[in-house]
Each structure stands twice: as C-alpha cells, then as structure tokens.
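Here is the structure we will look at, set down as structure tokens.
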Amino acid sequence: MGAQQTTDGGYAFAGYYFQNTIYDERAWLVKTDSTGKVQWDKIYGADVQYSDRKFLSFQQTSDGGFIAAGFTNEYNNGYTSMWLVKTDSNGNISNCGDVKTASDTSSTATVNSNK
Numbered sequence: 004m005g006a007q008q009t010t011d012g013g014y015a016f017a018g019y020y021f022q023n024t025i026y027d028e029r030a031w032l033v034k035t036d037s038t039g040k041v042q043w044d045k046i047y048g049a050d051v052q053y054s055d056r057k058f059l060s061f062q063q064t065s066d067g068g069f070i071a072a073g074f075t076n077e078y079n080n081g082y083t084s085m086w087l088v089k090t091d092s093n094g095n096i097s098n099c100g101d102v103k104t105a106s107d108t109s110s111t112a113t114v115n116s117n118k
C-alpha cells in the first residue's frame, strides 16, 4: 500500500478495494496525472467470496508500468500465497505469479531502475 510520484510527474497509488460484505478484498492500483486527474483505475483479482488480494508494495518500472507485490488469501482453501504482478503503462497485467504456502506470508517489491 502506498503512493509515489511517477516519472511523468503524476502519481500512483496502490492498496486494496473492499468489494462487498462477503470478505472480498481486491488489489487496487490508480494512476493520475500531475494535477491529480485519474488516468486509469484498476482492480485486480477475481471476485471470489472469502478471499483477499492486496498489494503491500509497488514500484514503477523503466517501461512506465508497475511491479506490485503482496498476497492472496482464499479462506475456503486454507492457504495464503505471495503474489507478484507486473503491469504495462496502462495498468493492464502483463505478467503475474504466486507462490502458495501453508502459512501466512506476504511479499514486497524492490526494483532496480538501472536495468
């Protein structure tokens, strides 16, 4: 979760969106221009009851997209997964992966902007 200024002078915000009253939190990423006008607003993860998907950290990448890290938790299945999502500059997912674990886990992202 958090906010940061982007390379074009705008801002990006990441966190989660509470979908409804059936324990469904979904990851959320918003990009604005330098005046705060929303350029795009994306919610990530399937609409599944009793599940969470949250971004805990994110970073803009050299291609103008974002890499976000966090976790997914599906209470019906009893597992939590570390979750990594790469987007293009419009917030569309270009790559996504998770690592399932039997215990509570989360992840953060560190991006080397020199590569």
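Going by my numbering, the first residue of the sequence shown is number 4, and it counts up by one from there.
Glycine included, every Cβ here is placed at the ideal spot set by N, Cα and C.
| Asked | Found |
| --- | --- |
| CB contact check: Lys34 to chain B, cutoff 8 Å | Protein chain content of the structure displayed is limited to a single chain, and chain B is not contained in it. |
| Continuous beta strand (DSSP E) stretch holding Asp27: start and end | 27–35 |
| Neighbour-count burial assignment, Gln8, 16 or more Cβ in a 10 Å radius | exposed |
| Outcome for Ser65 when other beta-carbon atoms lying within 10 angstroms are tallied against a minimum of 16 | exposed |
| Limits of the unbroken beta strand (DSSP E) element including Ser92 | It is not in any beta strand (DSSP E) - Ser92 carries neither H nor E in the DSSP assignment. |
| Three-state class that DSSP yields for Gly5 in the structure shown | strand |
| Tyr20 versus Phe69: straight-line alpha-carbon distance, rounded | 18 Å |
| Beta-carbon proximity list for Thr35, same chain, < 7 Å, skipping 5 on both sides | Gly13, Tyr14, Val41, Gln42 |
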